[in-house]
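Step one of this worksheet: look at the structure below.
There are 2 protein chains.
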Amino acid sequence: MKRIVVVGGVAGGATCAARLRRLDEEAEITILERGPHVSYATCGLPYFVGSVIPRESDLLVATPKLFQERFAIDVRTGHEAMAIRRIEQQVVVRSLADDKTYHLPYDALVLAPGASPVRPPLPGIDLEGVFTLRTVEDARRIIERVGKVGARKAVVVGAGFIGLELVENLVGLGLEVSVVEKAPQVLPPVDPEVAGVMATVLRNNNVALYLMEGLVAIEEGLVVRTTSGRELAADLVVLSLGVRPETRLAREAGLELGPHGGILVNEEMLTSDPRIWAVGDAVEVTHVVTEQTGLLALAGPAQREARVAADSICGRPSRFRGVQGTAILQLFGTTVAMTGASERSLGMAGMLGYSVVHLHPGDHAGYYPGATPIDLKLLFRPYDGKILGAQAVGRKGVDKRIDVLAMALQMGATVFDLEQSELAYAPQYGSARDPVNLAGMIAANVVRGDLSLGSWEDVISGPGLVVDVRSPEEFERGHIPSAINLPLPQLRRRLGELPRDRQLLVCCQVGQRAYYAARLLSQRGFQASILSGGYRTWQDLTA
Amino acid sequence: MKRIVVVGGVAGGATCAARLRRLDEEAEITILERGPHVSYATCGLPYFVGSVIPRESDLLVATPKLFQERFAIDVRTGHEAMAIRRIEQQVVVRSLADDKTYHLPYDALVLAPGASPVRPPLPGIDLEGVFTLRTVEDARRIIERVGKVGARKAVVVGAGFIGLELVENLVGLGLEVSVVEKAPQVLPPVDPEVAGVMATVLRNNNVALYLMEGLVAIEEGLVVRTTSGRELAADLVVLSLGVRPETRLAREAGLELGPHGGILVNEEMLTSDPRIWAVGDAVEVTHVVTEQTGLLALAGPAQREARVAADSICGRPSRFRGVQGTAILQLFGTTVAMTGASERSLGMAGMLGYSVVHLHPGDHAGYYPGATPIDLKLLFRPYDGKILGAQAVGRKGVDKRIDVLAMALQMGATVFDLEQSELAYAPQYGSARDPVNLAGMIAANVVRGDLSLGSWEDVISGPGLVVDVRSPEEFERGHIPSAINLPLPQLRRRLGELPRDRQLLVCCQVGQRAYYAARLLSQRGFQASILSGGYRTWQDLTA
Chain A
-8 MKRIVVVGGV AGGATCAARL RRLDEEAEIT ILERGPHVSY ATCGLPYFVG SVIPRESDLL
52 VATPKLFQER FAIDVRTGHE AMAIRRIEQQ VVVRSLADDK TYHLPYDALV LAPGASPVRP
112 PLPGIDLEGV FTLRTVEDAR RIIERVGKVG ARKAVVVGAG FIGLELVENL VGLGLEVSVV
172 EKAPQVLPPV DPEVAGVMAT VLRNNNVALY LMEGLVAIEE GLVVRTTSGR ELAADLVVLS
232 LGVRPETRLA REAGLELGPH GGILVNEEML TSDPRIWAVG DAVEVTHVVT EQTGLLALAG
292 PAQREARVAA DSICGRPSRF RGVQGTAILQ LFGTTVAMTG ASERSLGMAG MLGYSVVHLH
352 PGDHAGYYPG ATPIDLKLLF RPYDGKILGA QAVGRKGVDK RIDVLAMALQ MGATVFDLEQ
412 SELAYAPQYG SARDPVNLAG MIAANVVRGD LSLGSWEDVI SGPGLVVDVR SPEEFERGHI
472 PSAINLPLPQ LRRRLGELPR DRQLLVCCQV GQRAYYAARL LSQRGFQASI LSGGYRTWQD
532 LTA
Chain B
-8 MKRIVVVGGV AGGATCAARL RRLDEEAEIT ILERGPHVSY ATCGLPYFVG SVIPRESDLL
52 VATPKLFQER FAIDVRTGHE AMAIRRIEQQ VVVRSLADDK TYHLPYDALV LAPGASPVRP
112 PLPGIDLEGV FTLRTVEDAR RIIERVGKVG ARKAVVVGAG FIGLELVENL VGLGLEVSVV
172 EKAPQVLPPV DPEVAGVMAT VLRNNNVALY LMEGLVAIEE GLVVRTTSGR ELAADLVVLS
232 LGVRPETRLA REAGLELGPH GGILVNEEML TSDPRIWAVG DAVEVTHVVT EQTGLLALAG
292 PAQREARVAA DSICGRPSRF RGVQGTAILQ LFGTTVAMTG ASERSLGMAG MLGYSVVHLH
352 PGDHAGYYPG ATPIDLKLLF RPYDGKILGA QAVGRKGVDK RIDVLAMALQ MGATVFDLEQ
412 SELAYAPQYG SARDPVNLAG MIAANVVRGD LSLGSWEDVI SGPGLVVDVR SPEEFERGHI
472 PSAINLPLPQ LRRRLGELPR DRQLLVCCQV GQRAYYAARL LSQRGFQASI LSGGYRTWQD
532 LTA
């Protein structure tokens, strides 16, 4: 009989233990969890703060009792793993209730310690009214604070996914919310023009957004001071500056750590000790597109890692394929999502030979009421069309397109595959050419050499001539400053007005007419490129 | 300069012509369209009847003027192609306005004649008040009839996708609607238990559903008589019995037809004449999973075919990959969708070595308000896990999961790939284990031999013992007649009560607890299989 100890019972730990039982009915399985709960819904915490999820009990996905009854797993909440004695194969455990220490022997040990919120050592960081949000207890403390002081103003420091979810929920509670973010954009994982749309959404919902401003100090009162000298009075401050892997146990046990400070594991989630596996937010993972290692605190990958670790412990061949970085956020009715690499992550990986198309198709057929545009961005390799990543933002249908593209990316699809996809079409749900098809078609035109992409940077500084092929009325309502207007219906008879020795950067509202125009022009001997995504992308880029 | 004539200007024809222009600015391109419109939204017609789409002009995606201005394409509406003179490379055209005939020469000819509604030669089929729905004019006639006679009762004959869309819209107009369908289920492309859910949706919305009843005659008055002798009085009868490919032109020109009566084409959409291509509802297509040829009237494939034909005409390598049969229908707020093969189509193709799992996950995380179940069915090859098809029904998130699975199927994914997918998770949109992941996990358990699937047929006639592992309370509320109840939490200590010489068919509400129980039992030496999808699937199967 195998003795298996799992340290950490939230996402990865609980999943791993349950799968271990399904694979091995004989094993003795113990979960050690420092906190009072196992298997609770971390991703629901912002919504619990905002009363969207009304009861704390809603967050508790499973209880120790359920683990005992269903899986005959011994869950010890309030028990902290203090140390690992690798030679003796024992975990030193402290029971928090009675402060007693005991030793738990293992044949296999799984570390799922998670990550803890970053709290920079700045003045005032420990003042009353300053919070982080990582546990049910954290959420309860924030709720209590809002109620007790009758909070009216909140400052959220950090504009990542969780920070902004919290912002929405605090606004929902009637608070006036300011966001302080030291980066020049919100949501660092997505590219600036996509993040810009979400910044506008925040501002339209009366959130004060202070970009490129870091936190300097929090003063009694509470007043948040930023790097620009700004002072923001608050009844409540929440630090949402990301998380740091909990590696004390691993480090002190002499397990190898990776370059980003996470626990180093192989594809079977095995650490440098052949009897110790690690999963979840504490381990370093490899990105499937950029092949860079890093830290990623997401529940989906943690679940997959946990299954791989359980398989490996039970002697089954299993391999974690890495992470894609698929992520999604809904904010005031607008959704932003991504999968794969961004321009930034490709740049950081030195993978500069990529192409980008922007498009703005409706979420469903335009002839059926209620269609809303999706701003879709596709990154791909121009020499073979392999998909590298995608980002999208819109009010409807964003999750679907990113999930389809996530599956495509996982399977190594090219833009030609997207062009050929057969997705479900009824007028409520899509178009005969779905946004995914359209993205594939545009990108495939690029790969086949039928379409040349102009660079948005060249619009401002390049020698090209911007030709806007929209109607004069559309042009009048707003256009790129240097553009000339030559409506598509007049193009064939007015070719003589265009220079043959300059690059023509063809632009329309969303890109379609520019494509038609560019095909016409290049067949007539002009050097024509399109500005992908048209005037709408220009607006996003310059917002 | 190439002269290209396109016969038919609705979906495939219009797309093909536009792409031809993008590929060849020099060509002379003419579209011949018998009707008054080009490029209108056939898929919107039921919603136009129901005033969901308010204006007829909303359906007109493009006009002849737009084709002329944008693409320099000569669109001749009201012009019918009467004959093809293949030797002379000419189309004989009749102008309907003045009944004049002329000859149009071509270097390349594209046939996109579409399909026409089936009208069986039954008594009364041509009576006033009996309609089909295929064109804008058809829709207008139905609307007029509803208004003129103050129609209160409608009979729709045929319960396919378009028939049921029309049913919903007629109900929306306040009509009492009966549906007559000669098959034992609605929506023949999906399997019976999935169709059963939609039948319930129809009945819950006061639609009278007469299955296994064919149309015999329509009597003056109007009275619809069915094969069972039933008589249904109606103010309005709509025949929705499918479509027949328009092949007169091709047939009379001596082009080869396929076994199903459609125009035969190769992968480049080329007919048996090397200067004639054909696309859209009139051609025979090959299913990517079953490799069977057949007819399929869907806009998405027609668009893809049209692009391939244009490429081929312009000498570019291009190949139509076949059809997947992805389809979707929304009915009274419930959505049903499918991709790939169904059990029926696999059976008809003689591909009997498939496995099926049913599951009923929530569309999003249960801890976030508003989650609703998706009934999901996955078909796969048990020896290697290759995905063969999927069907789903539910109130939310159905389109997304079928689209993700459509992409997976297109890319040749296995159930192991689904298990490993990284889809976008926030509590509004999914779960850390998305329904797609769950389907993959269950199916992968089957492929790996960790889980044996009991046959639902065996529940009634087989020698197995049905063991329901739900709580006594759940069991009391309804259970499979022959089942015994042994709640999962008691299973380990009550193993002695179960026979070791009989197959145990383990069942719960949706399948998850049955899986846990089956793993336990099989590791303890019992012959345990699960009833995939649990009591909920039983209810669907026996509805």
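Heads up: the protein sequence lines correspond to chains A and B, in order. Heads up: the first sequence is residues -8 to 534, going by the numbering used here. Heads up: the second sequence is residues -8 to 534, going by the numbering used here. Glycine is no exception: its CB is placed at the ideal position from the N, C-alpha and C atoms. All values reported here derive from a predicted model rather than from experimental measurement.
DSSP places D408 (chain A) in the uninterrupted alpha helix (DSSP H) bounded by 406 to 410. Taking C-beta separations shorter than 6 angstroms and ignoring five residues to either side along the sequence, the partners of L202 (chain A) in its chain run E172, P175, following chain order. A direct Cα-Cα distance of roughly 12 angstroms separates L11 (chain A) from G3 (chain A). In the DSSP secondary-structure assignment, D366 (chain A) is bridged to A:V384. The continuous beta strand (DSSP E) containing E19 (chain A) extends over residues 19 to 24. For D531 (chain B), the uninterrupted alpha helix (DSSP H) segment begins and ends at 525 to 533. Contact between the stretch 340 to 351 of chain A and the stretch 292 to 299 of chain A is absent, with fewer than three C-beta pairs closer than 8 angstroms.
Between Y358 (chain A) and V234 (chain A), the alpha-carbon positions lie close to 46 angstroms from each other.
Spatial neighbours of L51 (chain A) in its own chain (CB-CB distance under 7 angstroms, excluding positions within 5 residues in sequence) are listed in chain order as H28, Y31. Between P373 (chain B) and S346 (chain B), the gap from beta carbon to beta carbon is short of 8 angstroms. Separation of Y420 (chain B) and K56 (chain A) (C-alpha to C-alpha, rounded to the nearest whole angstrom) is 29 angstroms.
Of all C-beta pairs linking the stretch 475 to 484 of chain B to the stretch 426 to 437 of chain B, fewer than three are shorter than 8 angstroms, placing the two stretches out of contact. By the C-beta criterion, the stretch 96 to 104 of chain A is judged not to be in contact with the stretch 119 to 127 of chain A, since fewer than 3 inter-stretch pairs fall below 8 angstroms.
Against chain A, a Cβ distance below 8 angstroms from I64 (chain B) picks out nothing, because the smallest value is about 12 angstroms. Against P292 (chain A), the close residues of chain B are E413, in the order they occur along the chain (beta-carbon pairs closer than 7 angstroms). Under the three-state reduction of DSSP output, L124 (chain A) falls in the coil class, being neither helix nor strand. Not flagged as an interface residue toward chain A: E282 (chain B), since no C-beta distance is shorter than 8 angstroms.
As a beta-bridge residue in DSSP terms, W268 (chain A) pairs with A:V101, A:L261. Restricting attention to beta strand (DSSP E) runs no shorter than 3 residues, the stretch 167 to 191 of chain B encloses them at 167 to 172, ordered along the chain. Counting C-beta pairs closer than 8 angstroms gives fewer than three between the stretch 77 to 94 of chain B and the stretch 186 to 206 of chain B, which falls short of the contact rule. For F371 (chain B), the three-state secondary structure derived from DSSP is strand.
In this structure the stretch 154 to 163 of chain B touches the stretch 39 to 46 of chain B; the number of beta carbon pairs closer than 8 angstroms is three or more. With 16 or more other CB atoms across the displayed protein chains lying within 10 angstroms of its CB, G253 (chain B) is buried. Interface annotation, Q514 (chain A): in contact with chain B, CB-CB separation under 8 angstroms. A residue is called buried when at least 16 other Cβ atoms come within 10 angstroms of its Cβ; H94 (chain A) does not meet this threshold and is exposed.
DSSP, read as helix, strand or coil, puts Q419 (chain B) in coil.
Under the Cβ criterion (8 angstroms, minimum of three pairs), the stretch 497 to 505 of chain B counts as touching the stretch 458 to 466 of chain B. Taking G154 (chain A) as reference, the option from A:I365, A:V427, A:S231 with the minimal CA-CA separation is A:S231.
For M(-8) (chain A), the three-state secondary structure derived from DSSP is coil. Under the three-pair Cβ rule at 8 angstroms, the stretch 394 to 414 of chain B counts as touching the stretch 390 to 409 of chain A. Per the C-alpha coordinates, the member of B:V109, B:E167, B:K139, B:V140 positioned closest to G151 (chain B) is B:V109.
Setting aside the 5 residues that flank it on each side, L369 (chain A) is surrounded in the same chain by V348, A381, A430, A434, each with a C-beta closer than 6 angstroms to its C-beta; the list follows chain order. At least one C-beta of chain A is nearer than 8 angstroms to the C-beta of P360 (chain B).
Among the residues of chain A, those whose CB is under 7 angstroms from the CB of K391 (chain B) are D390, K391, D394, following chain order. For the pair of segments examined, the stretch 136 to 152 of chain A was found to touch the stretch 208 to 228 of chain A: the number of CB pairs separated by less than 8 angstroms reaches three. Apart from sequence neighbours up to five positions away, the residues of its chain that approach L367 (chain A) with a beta-carbon distance below 6 angstroms are L350, A383, P426, A430, ordered along the chain.
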